[in-house]
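1 is the number of the first residue of the sequence shown in the UniProt record's numbering; add one for each residue after it.
Ideal Cβ positions, reconstructed from N, Cα and C, are used throughout, including at glycine.
Step one of this worksheet: look at the structure below.
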Amino acid sequence: MHDLDETESDDAGALLGADGPFARELPDFAPRLAQQVMARAVQQAIVGRDTLVAEAGTGTGKTYAYLVPALRSGERVIISTGTKALQDQLYFRDLPKVRSVLGARLKTALLKGRANYLCLYRLEQTVREGASLDRAQAAQLATIRAWSARTRRGDRMELAEVPEESPLWPRVTSTAENCLGVECPFYDDCHVFKARREAMEADVVVVNHHLLFADLALKQEGFGEILPGAAAFILDEAHQIPELAGQFFSQSVSARQLTDMAQDTLTECSGVTGAIGLLLEPVEALQNALRKLRLAMDPLPSRGAFALLEDRAEVRAALHELGELLATLAELLASQAERSRGLANLHERAELFAERLQRVVETHGDQDVRWYETFPRGFALYATPLDLAAPMRGLRERTQAAWIHTSATLSVAGNFDHFARQLGLDEPRTLCLDSPFDYARQALCYLPSGLPDPNARDYTERVIEAVLPVLHASRGRAFLLFTSHRALRRAAELLQDKAPWPLFVQGSAPRPRLLEEFRASGHGVLLGAASFWEGVDVVGEALSVVVIDKLPFAAPDDPVLMARLAALEQSGINPFMGWQVPSAVIALKQGAGRLIRSVHDRGVLVLCDPRLTGKGYGKLFLASVPPMPRTRELADVQAFFDDA
């Protein structure tokens, strides 16, 4: 590897320029001005420990734009991505390339949340209880055991044969509550602690937002830190941060956590004489109380404000009973805690959950929004801060580091106020870099005319009517993105008989498999809701149309959102224009961003919602999608595909 001369190495932008090492050594590398501008801005932010918000359109090459200054900084840098798939891509593909071109002698580490790593103690326990498994699970357990003997990292991602949704994974991985820590007989070989030790010693650590916030939020409560002091935090896909930060600054307790604790108590009793006689009855009483509470919540909406629970006498009584039984179990476990490591851990868990339950049920401050959610077989209770700006500001100040936020979608028509306000970013440095793609030539935006109000009963039928001729012109090769699962299911029914193309419907198979089959089909039509709106990359002709059924306003059933909107109104800000529109614009930009993924891609973006042209705020949405020609004529769409 050649050594970089002084002028080159001082300027991250020049390294990515036409005369830099990337242009010399990577055959498919094309120098881009926007990438160089961003690299310099990131470099300055790291040196000055500044806060930077950088929106970089698709194709800017933002990954290299932050990796180059990060690796050249000589500082410890934490890079956080939106998903585990992106984390793996960054760590196994992008980082080694940049490191090799720069000849950087650095220690790097990949760190995920503990649920991604095999727990040797829980594996042994599950093997001991093997008799209770059905045949499919027994076969999966044998596969996991064989892998356990040869894996170095213990990262589930290595073992594709056992599906991610297998019920075995929770049994052979640990949670923060059930981990025995240094008390564990397998501590010296523990995959979680090995990964953490590597991260402690590394110059560049790649994490994901879930882990980053779980760690930073825990640190706030005085626990040990996984991510030791870094000079810079680089958050990719940063548009996801406000939502995630809300989850991590929340207090919560769920039926699943309590049920798992009850199960683990019975398992742990098997090795301790007399324990089962003492604990069986209170554990069963706790499990009954959980079922009773869930049943009492049945008539209520699937999520809502805590007040809805307090208004129902039987729910109030069931909550009270659950609290009493949890406290009783905690006391009994305290009397047994000396008898085994597992029972000591269970005592701590019971105390923790009892405290959380009390906190959520009895909090009466106006700083928190208390709410609940029910699932087919369980429920969760939460207290979420009304305003994230203060805890986020405090968190950044404690780190004394540079905070760099980047994504293709952070601004609303070039304005960053909404993103900055949510995270308490006071006058951050901002940078808005347009995509280098030639949208005027590569793309067309079609706004079908004559569609009814989006609340009309037959709206989805009318959308499919308007979209079918587009799909015929493109010969399939489309993503249809819906703002609700109900519309998605209805559209799938309508297309089932009419579509001469293979249909791929979200929910019918795991997301990675659906995408793989969609790409392979070459002319498929994929119907997706929320999780297909972002982070999905299909380059080339397999995807030539993206249809969006409605403007993606957040559903009004979100109690935290409703409380935040009410608070905004009280402070004199119009909640619709001040929050709902900006959030929906950023979500729409994500969906639209699926269409053009390379300089050679061509495609049509179909935006169906008549509010885009009928309402004043529609202009903001249209000004925020990439600058492509617009038409209301189907003939223009057909001509676009005839030219291909």
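Item, Value
"7 Å CB neighbourhood of T328 in its chain, flanking five on each side removed", "P282"
"V272 versus T613, R632, L343, E243, residue with shortest Cα-Cα distance", "L343"
"8 Å Cβ cutoff met for A289 and L333", "no"
"Through-space distance from I464 to residue 664, alpha-carbon basis", "Since the displayed the chain opens at 1 and closes at 644, residue 664 lies outside it and no answer follows."
"For Q89, the three-state DSSP class (helix, strand or coil)", "helix"
"Identity of the residue in R24, P167, V207 nearest G113 by Cα", "V207"
"Anticipated Cβ contact below 8 Å, R294 with F379, distance rounded", "6 Å"
"Spatially closest choice to A401 from E362, D417, I78, by CA coordinates", "I78"
"Cβ-based burial, P452 [other Cβ within 10 Å; buried from 16]", "exposed"
"Run of the beta strand (DSSP E) containing S100, from where it starts to where it stops", "Run containing S100: none in the beta strand (DSSP E); it sits in the alpha helix (DSSP H), 95-102."
"C-alpha gap between F29 and A509, whole angstroms", "36 Å"
"Selected residue, minimal CA-CA separation from L102, among F641, Q43, P21, P627", "P21"
"Per DSSP, cross-strand counterpart(s) of A232", "V77, A402"
"Reduced DSSP category for N178 - H, G, I as helix; E, B as strand; rest coil", "coil"
"Beta-carbon proximity list for E221, same chain, < 6 Å, skipping 5 on both sides", "Confidence at E221 is low in this model, with a pLDDT of 48, below 50, so its placement is unreliable and no value can be given for it."
"Three-state class that DSSP yields for C432 in the structure shown", "strand"
"Cross-strand partners of L480 (DSSP beta bridge)", "L527, V547"
"Residues near D3 by beta carbon distance below 8 Å, same chain, minus five either side", "Low confidence applies here, because D3 scores a pLDDT of 46, under 50, leaving its location unreliable and the question unanswered by this model."
"Through-space distance from A554 to G593, alpha-carbon basis", "19 Å"
"CB contact flag (A389, S624, <8 Å)", "no"
"Residues near C432 by beta carbon distance below 7 Å, same chain, minus five either side", "E55, S411, G414"
"Reduced DSSP secondary structure (H/G/I, E/B, other) of C119", "coil"
"Coil, strand or helix - G61 by DSSP", "coil"
"Burial state of N116, where buried means 16 or more other Cβ atoms lie within 10 Å", "buried"
"Span of the beta strand (DSSP E) around Y446", "443-446"
"Close-in-space but distant-in-sequence residues of the same chain around P242 (CB under 8 Å, 5 per side omitted)", "L388, F419, Q422, L423"
"Beta-carbon gap between F353 and V253 smaller than 8 Å", "yes"
"Beta-carbon spacing of Q247, G82 below 8 Å", "no"
"Burial state of R93 (16 or more Cβ within 10 Å)", "exposed"
"Where L111 sits in the DSSP three-state scheme", "coil"
"Residue environment, H209, which counts as buried when at least 16 other CB atoms sit within 10 Å", "buried"
"Nearest neighbour of C269, chosen from R303, E338, E324 [CA to CA]", "E338"
"Pick from L86, R40, P31, G450 that is closest to P610, judged by C-alpha positions", "G450"
"Same chain only: Cβ atoms within 6 Å of L607, ignoring 5 sequence neighbours per side", "L447, I548"
"Burial state of H320 (16 or more Cβ within 10 Å)", "exposed"
"Local Cβ density within 10 Å of P299, reported as buried at 16 or more and exposed below that", "exposed"
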